[in-house]
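Chemist:
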Amino acid sequence: MTIEITNESGVEVDETVFLRLMESNFAELNVSPEADVAILLVDEGAMEALHVQWMDEPGPTDVLSFPMDELRPGTEDAPTPPGLLGDIVLCPQVAETQAREATPPHSLTDELVMLTTHGLLHLLGFDHAEPDEAAEMFGLQRDLILAFSVAERRRSRG
Numbered sequence: 311m312t313i314e315i316t317n318e319s320g321v322e323v324d325e326t327v328f329l330r331l332m333e334s335n336f337a338e339l340n341v342s343p344e345a346d347v348a349i350l351l352v353d354e355g356a357m358e359a360l361h362v363q364w365m366d367e368p369g370p371t372d373v374l375s376f377p378m379d380e381l382r383p384g385t386e387d388a389p390t391p392p393g394l395l396g397d398i399v400l401c402p403q404v405a406e407t408q409a410r411e412a413t414p415p416h417s418l419t420d421e422l423v424m425l426t427t428h429g430l431l432h433l434l435g436f437d438h439a440e441p442d443e444a445a446e447m448f449g450l451q452r453d454l455i456l457a458f459s460v461a462e463r464r465r466s467r468g
């Protein structure tokens, strides 16, 4: 598994969280450990430019996903083949605002975990345009975050 993390946002983040998160999500989704993904953290100006260019929407957004090899989740018997999943672009400044304004408020790290998981699901072909798709995607997103949270608690206990 190659996870390339580039932080051009000006916001300090713990990159090891992304590595552990992707390892957990890859295992839960039966994605080949030889699959590659890039995570790019950008500032609001860069995110706004991408949002306008690719989504024709004004203003910065929290996360954008750019799939490459159109891979899908695998099964235990047939994991996703090796390949390039694509890029997940995050804007920590937008994420920080969302985390602070959430009910209840939570940390930037928790928001970035959610957004990165959301972005990965988009790379794997999930969408939330229709109600049934949204239910499936957000349910899976919740399950993945829960599995990661449990693993993180175990890790912190030593």
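Those letters in the sequence shown? Residues 311 to 468, per this note's numbering, in order. From the three backbone atoms N, C-alpha and C, an ideal C-beta is built for every residue, glycine too. Owing to the predicted nature of the structure, the values given are computational and were not obtained by experimental measurement.
Could you tell me the alpha carbon to alpha carbon distance between Gly-435 and Pro-391, rounded to whole angstroms?
Modeler: Each residue's Cα considered, the two are about 15 angstroms apart.
Chemist: Using DSSP with H/G/I as helix, E/B as strand and the rest coil, what is Ala-359?
Modeler: Here Ala-359 sits in helix by DSSP.
Chemist: Please say whether Val-347 and Leu-395 have beta carbons closer to each other than 8 angstroms?
Modeler: Cβ atoms of Leu-395 and Val-347: closer than 8 angstroms.
Chemist: Given a threshold of 16 other Cβ atoms within 10 Å of its Cβ, counted over all protein chains shown, does Ser-319 qualify as buried or as exposed?
Modeler: Ser-319 comes out buried.
Chemist: For Val-347, which residues does DSSP report across the bridge?
Modeler: DSSP lists Ile-313, Gly-396 as partners of Val-347.
Chemist: Among all the DSSP beta bridges, which residues are the ones paired with Val-352?
Modeler: Glu-318, per the DSSP bridge assignment.
Chemist: Mind checking which residues open and close the alpha helix (DSSP H) that includes Leu-303?
Modeler: The structure shown has nothing for residue 303, since the chain only spans 311 to 468.
Chemist: If distances are taken between C-alpha atoms only, which option among Arg-382, Phe-336, Leu-339, Leu-422 comes closest to Val-327?
Modeler: Out of Arg-382, Phe-336, Leu-339, Leu-422, Leu-422 has the C-alpha closest to the C-alpha of Val-327.
Chemist: Grouping DSSP H, G and I as helix and E and B as strand, with all else coil, what is Ser-483?
Modeler: An answer regarding residue 483 cannot be provided, because it is not within the stretch 311 to 468 covered by the chain.
Chemist: Given 8 angstroms as the limit, is there contact between the stretch 339-358 and the stretch 368-379, that is, 3 or more CB pairs closer than that?
Modeler: Flag = yes, the stretch 339-358 and the stretch 368-379 touch.
Chemist: Taking Cβ to Cβ, would you say Ile-398 is nearer than 8 angstroms to Leu-433?
Modeler: Going by C-beta atoms, Ile-398 is nearer than 8 angstroms to Leu-433.
Chemist: Can you tell me the Cβ-Cβ gap for Ala-335 and Thr-427, rounded? I've got them flagged as a contact below 8 angstroms.
Modeler: The question names Ala, yet the displayed sequence has Asn at residue 335. Between Thr-427 and Asn-335 the Cβ distance is about 6 angstroms, and since that is below 8 angstroms, they are a contact.
Chemist: Restricting to runs no shorter than 3 residues, where is the beta strand (DSSP E) found entirely within the stretch 365-390?
Modeler: DSSP runs (the beta strand (DSSP E)) wholly in the stretch 365-390: 373-377.
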